[in-house]
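Visitor: One structure, pasted below without further comment.
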Amino acid sequence: MSGWIFAIPIPFILMYAESWNWLIAANVLLGINQGLAWSSTVVMKIDLVGEKQRGLAMGLNEFAGYLAVAVVAFLTGWIAAEYGLRPYPFYLGILLMLLGLFMSIFFIRDTRGHARKEEDSSAVSLLKNIFWDTT
5 MSGWIFAIPI PFILMYAESW NWLIAANVLL GINQGLAWSS TVVMKIDLVG EKQRGLAMGL
65 NEFAGYLAVA VVAFLTGWIA AEYGLRPYPF YLGILLMLLG LFMSIFFIRD TRGHARKEED
125 SSAVSLLKNI FWDTT
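Numbering follows the working numbering, with no gaps: position 18 of the sequence shown is 22.
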């Protein structure tokens, strides 16, 4: 949910941007949104499928994400061509941001229980020093 909260001002910043600094600020917020919201969905999908299906979960997640980016890019381009660059294409961003926040609040459940269950039955050893082992 916190990722979607950071997304709330993004379409409004872009609609009313008066300089490139506004766009940079929107990009920073978008990075925070993606880091919190998108990364959480990746981890949650991996929690749900277990250790044997992680690759499939990641592949489906990436496919769905890039397909969604392509569809939204097409739609916003079409909206901009039909109605102008501002503010109309950003209305789609407002709708998607509200939908993401709404779904996170009311429908998405934490998968921590799935991860704990897998941890109990997993044969994979825990990393002793996460930074050095993953670097």
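Just so it is clear, CB atoms sit at the ideal spot from N, CA and C, and this is done for glycine as well.
Treat the numbers as computed from the prediction; the structure is a model and nothing was measured.
So which of L64, K56, G97 and G104 has the shortest CA-CA distance to V76?
Guide: Mapped onto the sequence shown, residue 76 falls at position 72. Checked all of L64, K56, G97 and G104; the closest Cα to V76 is G97.
Visitor: Cβ of P93 within 9 Å of Cβ of I83?
Guide: Taking the first residue of the sequence shown as 1, we reach residue 93 at position 89. Taking the first residue of the sequence shown as 1, we reach residue 83 at position 79. Yes, the Cβ-Cβ distance between P93 and I83 is below 9 Å.
Visitor: Span of the alpha helix (DSSP H) holding M19?
Guide: Residue mapping note: residue 19 aligns to position 15 of the sequence shown, counting from 1. I14 to Y20 is the extent of the alpha helix (DSSP H) around M19.
Visitor: Does the count of Cβ pairs from the stretch 31-44 and the stretch 7-21 closer than 8 Å reach three?
Guide: With a cut-off of 8 Å, the stretch 7-21 and the stretch 31-44 count as touching, because enough Cβ pairs lie within range.
Visitor: Measuring alpha carbon to alpha carbon, tell me which of K132, N133, A119 and G104 ends up nearest M1.
Guide: It is not possible to answer for residue 1, since the shown part of the chain is limited to 5 through 139.
Visitor: Just mark A72 as buried or exposed, buried being the case when its beta carbon has 16 or more other beta carbons within 10 Å.
Guide: As a first step, residue 72 must be located in the sequence shown, where it is residue number 68. Flag for A72 reads exposed.
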